[in-house]
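Numbering (UniProt numbering), first residue to last: 1 to 196. Even glycine gets a Cβ: it sits at the ideal position worked out from N, Cα and C. Heads up, the thing below is written out as structure tokens.
In structure tokens form, the structure reads like this:
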């Protein structure tokens, strides 16, 4: 019996089934190039991020932003300013939590205001990739494959989290603990958490 021909080298992963009379080979990936590199980031994201890092007047300041897949790019999706939060009578953390829907993946950039034992106030940008366990598998793969492309365009992010379930961020206290063990308040609300 002759040896089967080697698989072409351009297949990153393939399956070969050798039976007594013939050999069957096929690729496990159909869109190898896109999945390996992820989706590109729109230029607008870089400019938006620079603007968000610079503190503006409190009312016009963007506190929460999402990034979505728009026309084959990761682009700025919805933005919410402090003035809009005031109208909704929500603080930025409550609004951030409302974006963690069970059926949708998303990237979220949250301008988080908190106090620590060492500092009366801190303002830091928090990046969250939300991929709910119940969202579509294709969406989860696209978001996971593209995350690093987006993170590279957002230099200086101090906190980078991935949440897959509401149990990863059930309340303000747990989120504060993820920011650091010395956090005393989040968005002006005192927090209490298990320091263990």
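### Task
Compare the beta carbon distance of residue 111 and residue 61 with 8 Å and say whether it is the shorter of the two.
Taking the first residue of the chain shown as position 1, residue 111 is located at position 111. Taking the first residue of the chain shown as position 1, residue 61 is located at position 61. Contact: yes.
### Query
Quick one: what does DSSP say residue 88 is sitting in, helix, strand or coil?
Reading the chain shown from its first residue, position 88 is the one you call residue 88. If DSSP states are grouped into helix, strand and coil, residue 88 belongs with the helices.
### Task
Please report the Cβ distance between residue 46 and residue 152, rounded to the nearest whole angstrom; I am assuming they are in contact, meaning their Cβ atoms lie under 8 Å.
Reading the chain shown from its first residue, position 46 is the one you call residue 46. Reading the chain shown from its first residue, position 152 is the one you call residue 152. Contact flag wrong, Cβ pair sits at about 10 Å.
### Query
From residue 155 to residue 192, what distance separates their C-alpha atoms?
Locating residue 155 in the chain shown gives position 155, where the first residue counts as 1. Locating residue 192 in the chain shown gives position 192, where the first residue counts as 1. Near 30 Å, if we compare the C-alpha coordinates of residue 192 and residue 155.
#### Entry: Inter-residue Cα distance where the pair is residue 130 and residue 106
Your numbering for residue 130 matches position 130 in the chain shown. Your numbering for residue 106 matches position 106 in the chain shown. Looking at the two C-alpha atoms, the distance is approximately 5 Å.
#### Entry: residue 146 burial status per 10 Å Cβ neighbour count (16 or more: buried)
Locating residue 146 in the chain shown gives position 146, counting from the first residue. Per the 10 Å Cβ criterion, buried.
### Message
Closest to residue 179 by C-alpha separation, out of 135, 72, 123, would be which residue?
### Response
Locating residue 179 in the chain shown gives position 179, where the first residue counts as 1. Among 135, 72, 123, the Cα nearest to that of residue 179 is on 123.
### Contact belief for residue 48 with residue 76 at Cβ below 8 Å, rounded distance in angstroms
Numbered from 1 along the chain shown, position 48 holds the residue referred to as residue 48. Numbered from 1 along the chain shown, position 76 holds the residue referred to as residue 76. Contact holds; Cβ gap of about 5 Å.
### Message
Please identify the residue among 104, 125, 54 whose C-alpha is closest to the C-alpha of residue 143.
### Response
Working through the chain shown from its first residue, we reach residue 143 at position 143. Measuring from the Cα of residue 143, the nearest candidate turns out to be 104.
### Query
Should residue 86 go down as buried or exposed, given a rule of 16 or more other Cβ atoms within 10 Å for buried?
Residue 86 sits at position 86 when you count from the first residue of the chain shown. Per the 10 Å Cβ criterion, exposed.
### Element boundaries [beta strand (DSSP E), containing residue 123]
In the chain shown, counting from the first residue as 1, residue 123 sits at position 123. That run of the beta strand (DSSP E) goes 122-130.
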